[in-house]
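Notes follow the structure.
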Amino acid sequence: MEARPLRTIGGDGREITLPSTVRDIRAALPADRREAFNESIENASVFDIHAVVRRWVMELLEQYDPQMRHDLDELARRDRDREPGRDGDA
4 MEARPLRTIG GDGREITLPS TVRDIRAALP ADRREAFNES IENASVFDIH
54 AVVRRWVMEL LEQYDPQMRH DLDELARRDR DREPGRDGDA
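Next up, the structure:
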């Protein structure tokens, strides 16, 4: 079975394709980051592996669109800062 790549839209509107397997993520990383990647993947528990892989995909995404991390962090901050009951929330 062949894994489908991840696709997202960059801040400038262009489509960005990212790898979706551990092997392909490792290959896409700069050589000096691969040992750290291997270490984090091999030491991740089954409970944490999704978050670990997502963190590395985000690092790859930053190579393609450095502004996107800032934008995603800003959205997350707004979500955290939103008061309960505002905008129809309970």
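The opening residue of the sequence shown carries number 4 in the numbering used here; numbering runs sequentially from there.
From the three backbone atoms N, C-alpha and C, an ideal C-beta is built for every residue, glycine too.
Just so it is clear, the structure is predicted and the values come from calculations on it, not from any experiment.
Separation of residue j from residue i, as counted between CA atoms
| i | j | result |
| --- | --- | --- |
| residue 11 | residue 25 | 18 Å |
| residue 3 | residue 83 | No information on residue 3 is available, as it lies outside the stretch 4 to 93 that the chain covers here. |
| residue 43 | residue 85 | 33 Å |
| residue 21 | residue 80 | 25 Å |
| residue 37 | residue 58 | 14 Å |
| residue 48 | residue 54 | 10 Å |
| residue 40 | residue 66 | 16 Å |
| residue 73 | residue 5 | 32 Å |
Burial state of residue i, where buried means 16 or more other Cβ atoms lie within 10 Å
| i | result |
| --- | --- |
| residue 78 | exposed |
| residue 50 | exposed |
Residue of the options minimising C-alpha distance to residue i
| i | options | result |
| --- | --- | --- |
| residue 7 | 23, 73, 69 | 23 |
| residue 69 | 14, 54, 9 | 14 |
| residue 17 | 81, 80, 71, 60 | 71 |
| residue 30 | 48, 52, 60 | 60 |
Cβ distance (whole Å) where residue i is taken to contact residue j below 8 Å
| i | j | result |
| --- | --- | --- |
| residue 64 | residue 32 | Incorrect: roughly 12 Å between the Cβ atoms, too far for contact. |
| residue 56 | residue 28 | 7 Å |
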